[in-house]
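S.K.: One structure follows; several queries about it will come next.
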Amino acid sequence: MNSDIGIIGGTGLDSLAGSETLAKVTGDNIYGEPSAPLLSISLEGVNAIFLSRHGRPHRIPPHKVNYRANIYALKNNGVNTIFSINAVGGITVNTKPGSIILPDQIIDYTYSRKHTFFDEDLESVTHIDFTHPYSEKIRNKLIIAADKTQTNIVTSGTYAATQGPRLETAAEISRLEKDGCDIVGMTGMPEASLARELDIDYVSICLVVNWAAGKSEELITMESIRSHIDSGMNKILGLIKHTVKII
Ligand code: HPA
C-alpha cells in the first residue's frame with residue numbers, strides 16, 4: 000500500500016463516508032500497533048490512506064493512543080502529507096460550536112505520552128525546528144479550497160493540547176485563554192511533532208463541538224457534541240477532497 004496522503008480521523012470520523020476502500024493493512028511496526036488497520040482509499044480518484052485515531056470501533060482514549068505507531072505506519076506506507084481531523088472545544092469568540100478552525104500554533108499541556116522518535120539508540124541528539132508546527136504550504140491549499148467551496152473556516156488559532164480524558168475545569172480554560180489559546184483538544188500532541196520529526200507535512204482541521212468549560216451556561220453533553228460532529232464532518236471531508244486535487 001503506498002500513498003503520499005494520509006488522513007487521521009478523530010472523534011466522529013472513524014471511517015470516511017463516500018470513499019471507496021481499496022485495501023487494508025495492519026501497519027504494525029517497531030513502535031507497535033497503530034490504532035486501526037490502515038485503509039487505502041480513493042477520494043474522488045485521488046489515492047489516500049485513512050487511519051482512525053481512536054480505533055474502529057472508537058475505543059482508544061486520547062492518552063492511550065500509540066501516536067508513534069500511527070505516524071510511523073503512515074510514513075512506512077509512503078505518506079508525506081497528513082490531514083489530521085480533531086474535535087475541539089471553543090475558547091475564544093470566533094470559535095463557536097460548529098466552526099471549523101485551521102490552527103497555526105499549538106501549546107502542549109500533555110504529559111507522560113511517548114512523544115518522540117529521537118529517544119534511544121541515537122547517533123546524535125536531535126532537536127527539530129517546531130517554530131511553526133503546521134505545514135504552511137498545506138494550510139494555504141486548504142484556505143484556497145475553502146474559498147473555492149465556499150466553506151466558512153477560521154484560518155488561524157492556537158490549539159491547546161490537554162491530557163484528558165476528562166474535560167477541563169473553568170479555571171483551567173481561563174488559564175489557557177490567558178496563555179493565548181483559542182481551542183482545546185486532547186489529541187493534537189504529540190501527533191504534530193512526531194510528524195515533523197519524520198519530515199511529514201502535517202495540518203490539523205479542527206471542528207468545534209462544544210464551548211470549552213465555563214464558556215457557556217450549558218452542560219457539555221455527548222448528545223450536543225454528537226450533533227455538531229454529524230453536521231461538521233461532511234464539510235471537512237468536502238474540504239479535504241478539494242484540497243487533495245490541488246496539491
Ligand atoms: N476539551 C478538550 N478536548 C475536547 C473538548 C474540550 O472541551 N471538546 C472536544 N475535545
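Per numbering that gives the first Met the number 0, the very first residue in the sequence shown carries number 0; after that it's consecutive.
All residues carry an ideal CB built from backbone N, CA and C; glycine is no exception.
1) Please output, in chain order, the residues near ligand 1 using a CB cut-off of less than 6 Å to any non-hydrogen atom of the ligand.
2) The beta strand (DSSP E) spanning D200 covers which residue range?
3) Would you say F116 and L193 are within 8 Å of each other, going by their C-beta atoms?
4) Classify T115 as helix, strand or coil using the three-state DSSP reduction.
5) With a threshold of 8 Å, are at least 3 pairs of Cβ atoms found where one atom belongs to the stretch 190-207 and the other to the stretch 120-129?
6) Thinking V208 and H227 are a contact (beta carbons under 8 Å), I'd like their distance in whole angstroms, please.
7) Going by C-alpha distance, which of N93, P61, Y30 is nearest Y71?
8) Is S2 near V78, with beta carbons less than 8 Å apart?
9) Tell me whether the stretch 53-62 and the stretch 75-94 touch, counting them as touching only if at least three CB pairs, one residue from each stretch, are closer than 8 Å.
10) Keeping to the same chain, check which residues put their C-beta closer than 8 Å to that of I245; ignore five residues upstream and five downstream.
11) Does the distance from the CB of I81 to the CB of I152 come in under 8 Å?
M.R.: By the coordinates alone:
1) A86, V87, G88, T161, L166, E167, V183, G184, M185, V208, N209, A211
2) 200-210
3) Yes, Cβ-Cβ distance for F116 and L193 is below 8 Å.
4) coil
5) The stretch 190-207 and the stretch 120-129 touch, with no fewer than 3 CB-CB distances between them shorter than 8 Å.
6) 4 Å
7) Considering only alpha carbons, the answer is Y30.
8) yes
9) no
10) K140, I143, A144
11) no
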